[in-house]
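Below: one structure, written as structure tokens.
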Amino acid sequence: MESIFNSPNPILFGVGAAARAGSELQKLGCKKVLAVFDKGVEQAGVAEKVLSAIREAGIGVVIYNNVQADPPAWSVEEAGALGVKEGVDGVVGIGGGSSLDTAKGAKLLQTNPPPLRQYFGRTGVVTKPSVPLIVIPTTAGTGSECTPGGTITDTEKNIKTNISGVGCAVTLGIVDPELSAGLPKSVTASTGLDALCHCVESYTSAMANSISSVLGREGIRLVGQYLVRACNNGAADMEARAGMAKAATLGGMAMSGAFCHLCHDIGRSLGAKFHVPHGNGCAVTLPQVLQIIAPVKTEEVRYIARCLGAELSDDAPAAAVGKAAYDAAHRLLKDTGLKNMKELGLNREELLAAVPDEVVMQIEMEIKAFGGIAPPPLPVTRELVAEIINRAYDEN
Ligand SMILES: [Fe+2]
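In our numbering, each residue carries its 1-based index in the sequence shown increased by 11.
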């Protein structure tokens, strides 16, 4: 089958690499940059580490520290307008996915006039090139440092949508595992499981391609090896932090051309409508999704189950593979302390009233956009989505 894999932007990877932010901006010819982050990254002192490296290189910094979770268009427009007013010639995003996506949108708005909504959508949107953008993740999850676009909340429609194209392209990603050392267990878990979902869903996607699958497989192996260690001893276990940082970056690349499916389709709806943190919302249905896709993606799910600690023979049938993957993923959610749907305060009836319709609508849009194909490896009906939600609600 024909497929497309987009090679991502350069990634500077290594413990301590964030200290190079200033010299890398110098190479790009930047004199004054817009730094985009949230209050949490600021209060943890992580932003200052990067900002001092930038200032030491003689580069001016304009700060936008009002990044919101699930970034709404108004916040991105606020950041973009600040950059335009101050005449910056570069943008730096520091933080989790929300900060990096806000930075991508702010970059776009330096040369493409607001409102941001005119650039929503994955296909058919043309944007002008803009100033250089360096993104520096402080969590190991979204892989936003190597994805070609960002996720923005359309607050008018109450849905999550995308920006993409040359206007918001990353110039350089700097991945420094040390920046994630101080993350609490809950954030390490939800972001790390987001990375796992990127790898699992792209690897089992109906649109998977041979290049993205190699990256996804290695990401899954790394998460199996390191996520629980990073959750339990993340401040000291830099090998585990580095393993998870690599898994997250691989997950970002693995989505290229293959995209994500059911966990993310449901997770996006939980985020936009019920304000569930992204990684938590995606991973909260992972055991059920793995079991449901096992009959159509048996060899892939066998590999995933083994990486997550299941013992499975090469000839175990699809039902046994699905059950083993379910058990292994279920155990991982427990071992990492991920909140289940009840702990998130979700109401079953409200979920069933909103999520199945939205997921099916999203997939119908994808089928149109991708010319008759979509990422889920099996037909997705409202009943199937409701079954996944009901089971996840009762079982996880
Ligand atoms: Fe994600």
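Glycine included, each C-beta is placed from N, C-alpha and C at the ideal position.
Note that this is a predicted model, so its numbers are computed, not measured.
In this structure, how does DSSP classify Asn244 when only helix, strand and coil are distinguished?
helix
Run the proximity test for His286: is its beta-carbon closer than 7 Å to any non-hydrogen atom belonging to ligand 1?
no
If we call anything under 8 Å between Cβ atoms a contact, is Ala251 one with Thr153?
It is not a contact, given that the beta carbons lie outside the stated cut-off.
How about Val146 and Val95: are their beta carbons less than 8 Å apart?
Their beta carbons are not under 8 Å apart, which means Val146 does not touch Val95 by this criterion.
Using a threshold of 8 Å, state whether the C-beta atoms of Val312 and Ile399 are closer than that.
no
Thinking just about the alpha-carbon of each residue, which of Ile231, Asn123 and Thr347 is nearest to the one in Ala265?
Ile231
If you measure between the beta carbons of Leu183 and Glu35, is that distance less than 8 Å?
yes
Is the separation between the beta-carbon of Gln37 and that of Ile70 shorter than 8 Å?
yes
Expressed to the nearest angstrom, what Euclidean distance is found between the alpha-carbon atoms of His341 and Val73?
44 Å
Can you tell which of Gln54, Gly161, Leu204 and Val239 has its C-alpha closest to the C-alpha of Ala294?
Leu204
Within this structure, are the beta carbons of Ala117 and Val102 separated by less than 8 Å?
yes
Is it true that the CB of Pro82 sits closer than 8 Å to the CB of Thr199?
no
Specify the secondary structure class of Leu204 as computed by DSSP and reduced to three states.
helix
Would you mind working out which of Asp368, Pro195, Cys41 and Asn358 sits nearest Asp100, comparing C-alpha positions?
Cys41
To which residues does DSSP link Val72 through a beta bridge?
Val44
Rounding to the nearest angstrom, what Cα-Cα distance links Thr172 and Ala385 in this structure?
17 Å
For Arg402 versus Val371, is the C-beta spacing smaller than 8 Å?
no
Three Cβ pairs or more, each shorter than 8 Å: is that satisfied between the segment 330-344 and the segment 281-290?
no
Is the beta carbon of Ser110 closer than 8 Å to that of Lys47?
For the sequence presented, residue 47 should be read as Val rather than Lys. A contact, by the Cβ cut-off of 8 Å.
Classify Leu355 as helix, strand or coil using the three-state DSSP reduction.
coil
So who's on the other strand from Gly161, going by DSSP bridges?
Looking at the DSSP assignment, Gly161 forms a beta bridge with Ile174.
Given the structure, does Cys293 come close to ligand 3, in the sense that its CB is under 7 Å from one of the ligand's heavy atoms?
Absence of ligand 3 from the depicted structure is noted, with ligand 1 being the only ligands included.
How many Å lie between Lys43 and Leu207 at the Cα?
36 Å
In terms of residues, what are the limits of the alpha helix (DSSP H) holding Ile304?
Leu297 to Ile304
Spell out whether any CB of chain B is found under 8 Å from the CB atom of Ser280.
In the structure shown, chain B does not exist; there is a single protein chain.
When we look at the beta-carbon of Glu156 and count the other beta-carbons within 10 Å, is it buried (16 or more) or exposed?
buried
Check Gly104 in the structure and name its three-state DSSP category.
strand
Distance check for Thr113 and Ile285, CA to CA, integer angstroms please.
The identity of residue 285 in the sequence shown is Phe, whereas the question assumes Ile. Those two C-alpha atoms are separated by around 21 Å.
Unbroken alpha helix (DSSP H) runs of length 4 or more, entirely within the segment 104-153: which are they?
Every alpha helix (DSSP H) of 4 residues or more that sits fully in the segment 104-153 is shown, in chain order, as 108-122.
Would you grab the beta carbon distance between Val2 and Leu323 for me? Rounded to a whole angstrom, and I think it's under 8 Å.
Since the first residue shown for the chain is 12 and the last is 407, residue 2 is missing from the structure and cannot be characterised.
Alpha carbon to alpha carbon, how far is Ile174 from Ala84? Give it in angstroms, no decimals.
So the two alpha carbons sit approximately 11 Å from each other.
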